[in-house]
Amino acid sequence: MNPAAIRTSGLSKRFGGVRALNDLNLEVALGEVVGYLGPNGAGKTTTIRLLLGSIRPSSGSAEIFGLDCWRNPTSVHRRLAYVPGEASLWPSLTGAETLHLLGRVQGQVDGAYRDELMGRFDFDPSKKVRAYSKGNRQKLVLIAALMTRADLLVLDEPTAGLDPLMERAFRECVAEARQRGQTIFLSSHILSEVEALCDRVAILRAGKLVEIGTLAEMRHLSTLSVEATFEGAVPDLSVVPGVTAVEVEGATVRCQVAGSVAPLLSVLAGSGARGLLSREPSLEELFLAHYGTGPANGGARTRTGAARTGAGAGAAGAGSVPDGEVAGHGG
Ligand SMILES: Nc1ncnc2c1ncn2[C@@H]1O[C@H](COP(=O)(O)OP(=O)(O)OP(=O)(O)O)[C@@H](O)[C@H]1O
Ligand SMILES: [Mg+2]
Numbered sequence: 537m538n539p540a541a542i543r544t545s546g547l548s549k550r551f552g553g554v555r556a557l558n559d560l561n562l563e564v565a566l567g568e569v570v571g572y573l574g575p576n577g578a579g580k581t582t583t584i585r586l587l588l589g590s591i592r593p594s595s596g597s598a599e600i601f602g603l604d605c606w607r608n609p610t611s612v613h614r615r616l617a618y619v620p621g622e623a624s625l626w627p628s629l630t631g632a633e634t635l636h637l638l639g640r641v642q643g644q645v646d647g648a649y650r651d652e653l654m655g656r657f658d659f660d661p662s663k664k665v666r667a668y669s670k671g672n673r674q675k676l677v678l679i680a681a682l683m684t685r686a687d688l689l690v691l692d693e694p695t696a697g698l699d700p701l702m703e704r705a706f707r708e709c710v711a712e713a714r715q716r717g718q719t720i721f722l723s724s725h726i727l728s729e730v731e732a733l734c735d736r737v738a739i740l741r742a743g744k745l746v747e748i749g750t751l752a753e754m755r756h757l758s759t760l761s762v763e764a765t766f767e768g769a770v771p772d773l774s775v776v777p778g779v780t781a782v783e784v785e786g787a788t789v790r791c792q793v794a795g796s797v798a799p800l801l802s803v804l805a806g807s808g809a810r811g812l813l814s815r816e817p818s819l820e821e822l823f824l825a826h827y828g829t830g831p832a833n834g835g836a837r838t839r840t841g842a843a844r845t846g847a848g849a850g851a852a853g854a855g856s857v858p859d860g861e862v863a864g865h866g867g
């Protein structure tokens with residue numbers, strides 16, 4: 537049996553009194569693209585640093601392709617490529633020299649693909665790193681990771697600073713990597729990116745995994761927004777099982793439905809509804825539902841229903857960026 541691409545059991549990390557990650561049990565199958573979401577300070581980068589073996593778990597363990605991330609960092613790094621959200625690079629090297637160096641660290645480079653990537657990302661490798669804009673530095677670390685064709689791509693907010701054209705180029709590259717059977721672990725705040733690229737989504741909050749599943753599963757277990765227009769009198773939908781957040785405006789009623797829509801449909805059919813619109817929640821609504829900040833659809837509920845409000849989640853995020861990280865490797 538093939539080991540999973542990523543497996544963590546009880547993975548936890550404390551920094552002094554801060555529980556940055558708490559009992560994470562996560563499994564990413566070979567060839568899967570998993571999105572990793574959570575507000576600032578939720579523990580995404582901490583998870584990634586544990587996977588890279590650059591910090592030691594307080595308890596629990598993490599494995600990549602069956603290898604323990606902390607005990608076998610060298611073997612682990614032969615199989616993965618990493619893109620940090622903000623890389624510390626060598627300012628006086630050129631782009632080309634940096635790619636060469638990072639390629640040597642990784643050990644494998646597809647030279648033809650590297651050249652193709654430089655074209656697709658419209659990247660000029662002849663400049664010194666200190667002269668690159670933020671977006672160009674980000675392209676450099678992306679190319680460095682993609683050119684390795686590593687079995688696992690670990691991407692921590694990889695498109696920070698990229699313009700929409702480059703964001704599109706990135707999406708195409710991820711889709712191709714997936715086609716080739718590479719596994720991708722993508723932390724991102726860009727929900728449309730996650731929605732477009734990922735097979736499954738994991739949502740982290742204050743160091744704890746609160747949701748994981750396919751978007752279809754999450755949507756299925758969440759509320760549906762329904763809008764119905766009637767010929768005559770508007771029925772009272774608030775008494776229908778599963779229906780909440782009923783709003784009436786003239787002949788139109790808007791509401792949310794959790795669980796089966798059958799009871800609502802039978803009421804609508806019996807009340808002369810002449811127009812019906814229904815919409816599944818977007819990933820953004822699902823995401824917001826976990827943070828008690830009043831989602832646009834009036835309170836989507838998900839399987840775990842674990843949304844908690846209060847301090848914790850966002851409080852420690854800003855200004856707590858860990859020490860500088862070098863792209864492409866960590867060991
Ligand atoms: N080296 C460190 N020392 C002390 N606390 C840390 C350290 N690294 C992270 N933390 C704390 O751990 C928690 C999780 O941080 P982490 O960087 O993993 O969040 P994140 O989900 O990546 O957030 P963001 O979306 O802002 O990148 C935060 O409370 C943070 O302040
Ligand atoms: Mg982070």
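In my numbering, the protein residues as written are 537 to 867.
Note that beta-carbon positions come from the ideal geometry of N, C-alpha and C, so glycine has one too.
Buried or exposed (CB count within 10 angstroms, at least 16 for buried), residue i
i: residue 692; result: buried
i: residue 585; result: buried
i: residue 578; result: buried
i: residue 732; result: exposed
i: residue 718; result: buried
i: residue 701; result: exposed
i: residue 792; result: buried
i: residue 775; result: exposed
i: residue 670; result: exposed
i: residue 843; result: Low per-residue confidence applies at residue 843: pLDDT is 30, beneath 50, and the placement is therefore not dependable, though the value from the model is reported in the following sentence. Buried.
i: residue 610; result: exposed
Cβ-based neighbour list, residue i, same chain, cut-off 8 Å, excluding 5 preceding and 5 following
i: residue 797; result: 760, 762, 778, 814
i: residue 646; result: 683, 684, 685
Residue from the options with nearest C-alpha to residue i
i: residue 501; options: 573, 744, 566, 555; result: Lying outside 537 to 867, the shown extent of the chain, residue 501 is not represented and no answer is given.
i: residue 563; options: 698, 668, 598; result: 598
i: residue 618; options: 769, 587, 570; result: 587
i: residue 666; options: 626, 642, 701; result: 626
i: residue 629; options: 716, 664, 610, 677; result: 664
i: residue 767; options: 775, 747, 780, 789; result: 789
i: residue 687; options: 643, 669, 673, 654; result: 643
i: residue 589; options: 606, 677, 553; result: 606
i: residue 620; options: 655, 753, 676; result: 676
i: residue 818; options: 794, 810, 784, 728; result: 728
i: residue 680; options: 743, 707, 633; result: 633
i: residue 742; options: 730, 575, 612; result: 575
i: residue 753; options: 551, 816, 594; result: 816
i: residue 724; options: 714, 697, 653, 635; result: 697
Paired residues, beta bridge with residue i - DSSP
i: residue 657; result: Paired residue(s): none; residue 657 is not in a bridge.
i: residue 750; result: None; residue 750 has no bridge partner.
i: residue 783; result: 790
i: residue 766; result: 809
i: residue 618; result: 690
i: residue 719; result: 688
i: residue 738; result: 572, 748
i: residue 604; result: 599
i: residue 761; result: 792, 815
Expected contact under 8 Å - CB spacing of residue i and residue j to nearest Å
i: residue 547; j: residue 557; result: 6 Å
i: residue 773; j: residue 812; result: Rounded, the Cβ-Cβ distance is 12 Å, inconsistent with contact.
i: residue 536; j: residue 569; result: In the structure as shown, the chain begins at 537 and stops at 867. Residue 536 is therefore absent and cannot be evaluated.
i: residue 631; j: residue 662; result: 7 Å
i: residue 748; j: residue 738; result: 4 Å
i: residue 690; j: residue 616; result: 6 Å
i: residue 657; j: residue 711; result: Actually they do not touch by this definition, with Cβ atoms about 15 Å apart.
Same chain, Cβ closer than 6 Å to residue i, five either side skipped, listed in chain order
i: residue 544; result: 560, 562, 598
i: residue 703; result: 695
i: residue 596; result: 545, 546, 547, 548
i: residue 650; result: 683
i: residue 591; result: 585
i: residue 780; result: 792
Contact set for residue i: own chain, Cβ-Cβ below 7 Å, skip 5 residues either direction
i: residue 804; result: 764, 812
i: residue 832; result: Residue confidence is low: residue 832 scores 35 on pLDDT, short of 50, so the model does not pin down where it sits. No coordinate-derived value is stated.
i: residue 830; result: With a pLDDT of 39 at residue 830, under the threshold of 50, the modelled position of that residue is not reliable, and no figure is offered here.
Near ligand 3: residue i beta-carbon under 7 Å from a heavy atom
i: residue 538; result: Looking for ligand 3 in the displayed structure turns up nothing; the ligands present are ligand 1 and ligand 2.
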